[in-house]
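Asker: With the working numbering as the guide, the letters of the sequence shown map in order to residues 198 to 362. Cβ coordinates follow ideal geometry from the N, Cα and C atoms, glycine included.
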Amino acid sequence: MSTDAIVILKDDHKDVRALFREFEKSTTTKARKGTIVKKVIELLTVHTYIENEVMYPEVRRLLPDLEDDVLESYEEHHVADVLVMELANLKPGDERFEAKTTVLIENVRHHMDEEEQDWFPKVRQGLGRNQLQDLGAQLLEAKRKAPRSPAQPSALKKAVDAVVS
Ligand SMILES: [Fe+2]
Ligand SMILES: [Fe+2]
198 MSTDAIVILK
208 DDHKDVRALF
218 REFEKSTTTK
228 ARKGTIVKKV
238 IELLTVHTYI
248 ENEVMYPEVR
258 RLLPDLEDDV
268 LESYEEHHVA
278 DVLVMELANL
288 KPGDERFEAK
298 TTVLIENVRH
308 HMDEEEQDWF
318 PKVRQGLGRN
328 QLQDLGAQLL
338 EAKRKAPRSP
348 AQPSALKKAV
358 DAVVS
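1. Taking 6 Å as the limit, name every residue whose beta carbon sits nearer than that to some heavy atom of ligand 2, in sequence order.
2. Can you give me the C-alpha to C-alpha distance between GLU239 and SER270, rounded to a whole angstrom?
3. How far does the alpha helix (DSSP H) with MET309 in it extend, from its first residue to its last?
4. Can we count HIS274 as close to ligand 1, meaning its CB is less than 7 Å from some heavy atom?
5. Are three or more beta carbon pairs between the segment 318-330 and the segment 257-267 nearer than 8 Å?
6. Would you check if the distance between the CB atom of LEU332 and the CB atom of MET252 is smaller than 8 Å?
7. From GLU295, PRO289, GLU303, pick the residue whose C-alpha is nearest to that of HIS274; which is it?
8. Take VAL281 as the anchor and find which of VAL300, ASP291, GLY290, LEU206 has the nearest alpha-carbon.
Shown next, in the form of structure tokens:
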């Protein structure tokens with residue numbers, strides 16, 4: 198099985214994008230939207246965790262030229278974290294549920310587009326195949342211990358680190 202780091206991260210993005218599209222369909226019921234948002238929150242909590250803990254610091258260390266991109270990504274994750282934490286406390290019937298989800302979708306799509314179109318190609322160019330395999334194995338390892346809800350201590354710690362560091 199390939200453990201290419203970029204393939205792993207793109208697969209995550211694909212799952213998130215599919216849920217976003219379903220949320221936006223006019224035929225999606227309110228109840229289903231609630232389920233979709235729960236799943237989105239789980240996927241994003243895991244995904245931002247493994248990028249924050251493994252991908253970003255390793256790329257920053259190995260490819261110092263990409264430091265500005267990494268710093269911008271941390272900030273974009275932070276904005277998403279705030280929206281995710283707020284959204285986790287809303288129900289589909291709440292007035293702000295739909296609007297907040299829409300803003301989360303806009304933000305996360307923009308961030309994933311940037312990673313896929315701009316950042317991943319630079320990372321692939323800068324790192325060799327073996328380094329990407331090794332990074333991917335670390336990502337899978339991090340996934341196993343990643344928080345799945347923004348209320349878990351390791352997720353909160355991540356959010357605090359993003360604010361104070
Ligand atoms: Fe990211
Ligand atoms: Fe990502």
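Answerer: Answer, in terms of the structure:
1. LEU206, HIS210, HIS244, GLU248, MET309, GLU312
2. 19 Å
3. Start and end: 294-311.
4. Yes - ligand 1 has a heavy atom lying nearer than 7 Å to the Cβ of HIS274.
5. yes
6. yes
7. GLU303
8. VAL300
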